[in-house]
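>
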Amino acid sequence: MPPKSTPKTPPHAPAFRRKLLAWFRRHGRDLPWRRTRDPYRVLVSEFMLQQTQVSRVEGFYHRFLAAFPTVHHLARARPGRVREEWDGLGYYRRAANLQRLAQTVVAEHDGRIPDEVAKLNALPGVGLYTAGAVASFAYEQAVPAVDTNVARVLRRAFHPRIGVDAKAARRLWETAATLLPRPGPSAWAFNQAIMELGALICTARIARCGECPVRSACSTGRREKKREEGRERREE
DNA sequence: ATCCGGTCAC
DNA sequence: GTGACCGGAT
0 MPPKSTPKTP PHAPAFRRKL LAWFRRHGRD LPWRRTRDPY RVLVSEFMLQ QTQVSRVEGF
60 YHRFLAAFPT VHHLARARPG RVREEWDGLG YYRRAANLQR LAQTVVAEHD GRIPDEVAKL
120 NALPGVGLYT AGAVASFAYE QAVPAVDTNV ARVLRRAFHP RIGVDAKAAR RLWETAATLL
180 PRPGPSAWAF NQAIMELGAL ICTARIARCG ECPVRSACST GRREKKREEG RERREE
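Heads up, the first sequence stops at 235 in numbering that gives the first Met the number 0, and the numbers go up one at a time, no gaps.
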């Protein structure tokens, strides 16, 4: 077996990062969970956002937090009440996991949501993505958080021919890691921004390359641009 | 009618 | 590695 080579930073990484962050500052949506660093609130938002669109989560997020303002409230709530606040969101196992998580945090972590990816990942309902999201969005760590939005952006921008298997996923996580700025507000913003790009511009059905801020740093965007130019020339 | 999506049990 | 879990969007 050849030794694993350390992932190399893609050539357009600095431009990609810079343009993405500049775009996010202007066009990023003002969402409730972007106004807090409270790990509990971030966690609640991430659980709700698993498999669920932003537009549908907002109302549930406010109601849920009004009912259970802290991990302690959630930990000692009646399960039926928790399920009730989740009604309409679907995937009800998330609600049960979130309460179990709250109970675990109170019992084993002194009521504090852990800040290490490995410890977060060990909590019920927290996979690698959610662990990265909480580490980044609550604690501003420079760790990747690759959901399918982010995976799609990374695929189109840096690995247009990559597969969809576990190996490809590892590769995308590595690429995400090489793109990250230093810990702090910009690491938070980078992860928010790349998700926002996947949600607003580089969507599953259509890559809106014509409106994309990182087009010149993206292999799909550049290829798309050449196509357009070819089309224009033929029309002349 | 079909697509979309994190985590976990299998 | 595969499928079940849910409701909305397309």
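Virtual Cβ for every residue (Gly too), placed ideally from N, Cα, C.
Counting along the chain, where does the alpha helix (DSSP H) carrying phenylalanine 59 start and finish?
Here the alpha helix (DSSP H) through phenylalanine 59 covers 53-66.
> Would a C-beta distance cut-off of 9 Å place glycine 197 and valine 149 closer than the cut-off?
For glycine 197 and valine 149, yes; Cβs fall inside 9 Å.
> Give every residue of the same chain whose Cβ lies closer than 8 Å to the Cβ of proline 182, excluding the five residues on either side of it in the sequence, and list them in chain order.
Glu139, Gln140 and Ala141, listed in sequence order.
> Please report how far the alpha carbon of tryptophan 187 lies from the alpha carbon of valine 81, in whole angstroms.
Rounded to whole angstroms, tryptophan 187 to valine 81 spans 29 Å at the Cα level.
> I need the straight-line Cα distance from leucine 127 to arginine 226, nearest angstrom please.
So the alpha carbons of these two residues sit roughly 37 Å apart.
> Grab the span of the alpha helix (DSSP H) containing valine 152 for me, first residue to last.
Per DSSP, valine 152 belongs to the alpha helix (DSSP H) from 147-157.
> Here's a check: name, in chain order, each residue in its chain whose Cβ is nearer than 6 Å to the Cβ of valine 223, leaving out the five neighbours to either side.
Here residue 223 is glutamate; the residue named in the question, valine, does not match the sequence. Answer for glutamate 223: Cys208, listed in chain order.
> By DSSP, does alanine 188 sit in helix, in strand, or in coil?
Here alanine 188 sits in helix by DSSP.
> Measure the CB-CB distance between glutamate 195 and arginine 62 and report whether it falls below 9 Å.
Result no, Cβ atoms of glutamate 195 and arginine 62 do not sit closer than 9 Å.
> Using 8 Å as the cut-off, can you tell me whether the stretch 172-180 makes contact with the stretch 5-22, which would need three or more C-beta pairs spanning the two stretches below that distance?
Because the criterion of three Cβ pairs below 8 Å is met, the stretch 172-180 and the stretch 5-22 touch.
> Are the beta-carbon atoms of alanine 106 and proline 78 separated by less than 9 Å?
For alanine 106 and proline 78, no; Cβs fall outside 9 Å.
> Please name the residue or residues paired with alanine 206 in a DSSP beta bridge.
BP columns for alanine 206 point to Cys201.
> Using the C-alpha atoms, what's the distance from glycine 220 back to valine 70?
Spanning the two alpha carbons is a distance of roughly 44 Å.
> Measure from the alpha carbon of tyrosine 60 to the alpha carbon of each residue in Pro31, Arg230 and Cys201, then state which is nearest.
For tyrosine 60, the nearest C-alpha among the options comes from Pro31.
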